[in-house]
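Remarks on the structure that follows.
Protein chains in written order, with the numbering used here: chain A, 20 to 340; chain B, 59 to 347.
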């Protein structure tokens, strides 16, 4: 009950946020929701099923390029691009999962394989001139005033609400997943794969399902990215640091929990912003100083809160995970 | 295509690859014993490179002479890192270890950026421009000596693990952690010692690498990925595999510029990595886990 009340209050604040927030606060909030959503998607694979992916930028990038490329070359908007993005990323996730799980690759090796696929694709996209190559793909910026949800063209507030809706849907979807048969099988696999197999769970099939769901969800974040920023560079979108940004949220917030990715994304982005402003106030604006502080805070959090912030906070608030 | 030219390039690739191999050897030794993937490996490499550049520009110390102080400092640094930071994490899940080392890597690469700025630094020595003639082949002098040092350092490490009591104790910890504890070995001390040794490998490789390339802070993450590719191809935890992987990657990088476009050279390495992971996940010279 308590959890429901707190969640409703949070949702209410988020729904009315654009009415009193300035443009800068709105863009920060949109970014938080973006990483909360992508972190939620990653969490399905790692937090639920225990498969560590360090290459989720692959799905963000392929999703973004699929939708943006379609729009750029045929004029078909986001409503069409999103299906292409989801389809491509599901196929890609299935292919990587199939290869990895068939050949019995797990743990560190699986994580490194996902990095390899992301890096391979990054360099590959640098050589696809049809999608702009290293010079980037730019899509037309228009309709900055109205709300065109079908084509994802509109005001910053529209993008905020789209992201909020995606986050809410992902939250509910993950809640249902955790309560479903798949959710319990995944947790069994995460805790002890051999034991799960001995109990008759087809671990291959359920791990595949986790990868496919996670990659499909992540591709939608990519579509949003493409139409929100209107420019794509392989060097940025497929870069390993993008994957790290996605997974820091859930790890800091609390891996395997529903609220962890959201809290983690908020904490990380507000922290990064706070450091920027703090350093500006002190006059220490050398390149790199901000990231040093950021790294130090990450170090402290991971050392003293190994299970993330949310489990500790949830106890204080008296709500379940 | 001139065959002599190709042979020259391939030879240069082998020499560079041996230095890569020494760097990857550090990663492989650490993983083989401590079972932690050092995601800050390339960043440590760039720190060693900057150390060599600073020693050269301030004291005029030749990078070959800088090896000793830098390797010693790195051994102490590595020991302290494992003892203070990583030892509490060895029983934690992989993603937690990953986070820790990513945080360390972020701090390292940006601290370098703060101290040295984004510009490239290098070591200028006259003998780096000379070359050795070997029949029709030309050998870069700096590269040749760097590769010799890399080979000597690797051989020393092999001998250390094979013949010294400490090396044997470390291998015992790697083979059976609990058994080593039972017979009274201080496992945490040996883990820290191993991380120190791995760091010293990186230090030597870094001192040699400044003879071959200019150093900038973003080189760190690049070398981390490169080291992963090399050890996976050669076999994570296999010492000979790391050197073989280094040479393979060195040659492929050198020839990729000739046969395909230079910008696709790392695509080739990642492709090789994917193939090896799928067809022979333990690596070319690795043992089945």
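Beta carbons are placed, not taken as given, at the ideal position from N, Cα and C, and that holds for glycine.
Query raised in the report: Does any CB atom of chain B fall closer than 8 angstroms to the CB of residue 216 (chain A)?
Result: no
Requested in this report: Reducing DSSP to helix, strand and coil, say where residue 190 (chain A) ends up.
Outcome: Looking at residue 190 (chain A) - three-state DSSP - the assignment turns out to be helix.
**Report entry** Every unbroken alpha helix (DSSP H) inside the stretch 117-175 of chain B [4 residues or more]
**Finding:** 121-139, 152-174
Query raised in the report: Of all Cβ atoms in chain B, is any one closer than 8 angstroms to the Cβ of residue 254 (chain A)?
Result: no
Report task. Using a threshold of 8 angstroms, state whether the C-beta atoms of residue 133 (chain A) and residue 74 (chain A) are closer than that. Result -> yes
Query raised in the report: At a Cβ cut of 7 angstroms, what residues of the stretch 306-323 of chain A count as close to chain B, listed as they run along the chain?
Result: 306, 307, 308, 310, 311, 313, 314, 315, 317, 318, 321
Requested in this report: Counting only the same chain and skipping the five closest in sequence on each side, list residues whose C-beta sits under 6 angstroms from that of residue 285 (chain A).
Outcome: 51
Requested in this report: Using a Cβ-Cβ cut-off of 8 angstroms, state whether residue 280 (chain A) counts as contacting chain B.
Outcome: no
Query raised in the report: So what's residue 189 (chain B) in DSSP terms, helix, strand or just coil?
Result: Looking at residue 189 (chain B) - three-state DSSP - the assignment turns out to be strand.
Query - Check whether residue 73 (chain B) and residue 205 (chain B) have beta carbons under 8 angstroms apart - result: yes
Query raised in the report: By a C-beta neighbour count over all protein chains shown, 10 Å radius and 16 as the cutoff for buried, is residue 335 (chain A) buried or exposed?
Result: exposed
Query - Through-space distance from residue 145 (chain B) to residue 316 (chain A), alpha-carbon basis - result: 19 angstroms
Query raised in the report: DSSP three-state call for residue 173 (chain A): helix, strand or coil?
Result: strand
Query raised in the report: Does residue 138 (chain A) get closer than 8 angstroms to chain B when you measure Cβ to Cβ?
Result: yes
Query - Residue(s) in a DSSP beta bridge with residue 250 (chain A) - result: A:157
Query - Status (buried if at least 16 other CB within 10 Å, exposed otherwise) for residue 225 (chain B) - result: Residue 225 (chain B) counts as buried, since at least 16 other C-beta atoms from the protein chains shown sit within 10 angstroms of its C-beta.
Query raised in the report: The beta strand (DSSP E) with residue 292 (chain A) in it runs from where to where?
Result: Unbroken run through residue 292 (chain A) is the alpha helix (DSSP H), 279-301; no beta strand (DSSP E).
Query raised in the report: Is the Cβ of residue 322 (chain B) closer than 8 angstroms to any Cβ of chain A?
Result: yes
Query - N- and C-terminal bounds of the alpha helix (DSSP H) containing residue 233 (chain B) - result: 223-233
Query raised in the report: If you follow the alpha helix (DSSP H) that residue 76 (chain B) is part of, which residue opens it and which one closes it?
Result: 61-92
Report task. Assign residue 44 (chain A) to one of two classes, buried (16 or more other C-beta atoms within 10 Å of its C-beta) or exposed (fewer than that). Result -> Residue 44 (chain A) comes out exposed.
Query raised in the report: residue 126 (chain A) touches chain B at which residues, Cβ-Cβ below 9 angstroms?
Result: 152
Query raised in the report: At a Cβ threshold of 8 angstroms, is residue 145 (chain A) touching chain B?
Result: yes
Query raised in the report: In three-state terms, what does DSSP make of residue 167 (chain A)?
Result: In the structure shown, the three-state DSSP call for residue 167 (chain A) is strand.
Requested in this report: At 4 residues or longer, and completely inside the stretch 239-283 of chain B: list those alpha helix (DSSP H) runs for me, N to C.
Outcome: As for any alpha helix (DSSP H) of minimum length 4 sitting wholly inside the stretch 239-283 of chain B, the runs are 245-267, ordered along the chain.
Query - Element boundaries [alpha helix (DSSP H), containing residue 301 (chain B)] - result: 297-317
Query - CB contact below 8 angstroms: residue 55 (chain B) versus chain A - result: Lying outside 59 to 347, the shown extent of chain B, residue 55 (chain B) is not represented and no answer is given.
Query raised in the report: Where does residue 184 (chain B) fall in DSSP's three states?
Result: helix
Requested in this report: Starting from the beta carbon of residue 64 (chain A), find every residue of chain B whose beta carbon is closer than 8 angstroms, and list them in chain order.
Outcome: Within chain B, no residue comes near residue 64 (chain A); the closest Cβ sits about 11 angstroms away, beyond 8 angstroms.
Query raised in the report: If we cut at 8 angstroms on Cβ distances, does residue 339 (chain B) have a partner in chain A?
Result: Chain A places a beta carbon closer than 8 angstroms to that of residue 339 (chain B), counting this residue as a contact.
Report task. Closer than 7 angstroms, Cβ to Cβ, to anything on chain B: give me those residues from the stretch 171-192 of chain A, in chain order. Result -> none
Query raised in the report: Along the chain, which unbroken stretches of the alpha helix (DSSP H) at least 4 residues long are found entirely within the stretch 62-125 of chain A?
Result: 76-93, 97-121
Query - Near-chain B residues of the stretch 105-120 of chain A (beta-carbon distance less than 9 angstroms), N- to C-terminal order - result: Cβ contacts with chain B come from 118, 119.
Query raised in the report: Are residue 112 (chain B) and residue 263 (chain A) touching if we call contact CB-CB under 8 angstroms?
Result: no
Report task. Output the boundary residues of the alpha helix (DSSP H) element that contains residue 26 (chain A). Result -> 21-39
Query - Distance between residue 288 (chain A) and residue 281 (chain A) (C-alpha atoms, nearest Å) - result: 11 angstroms
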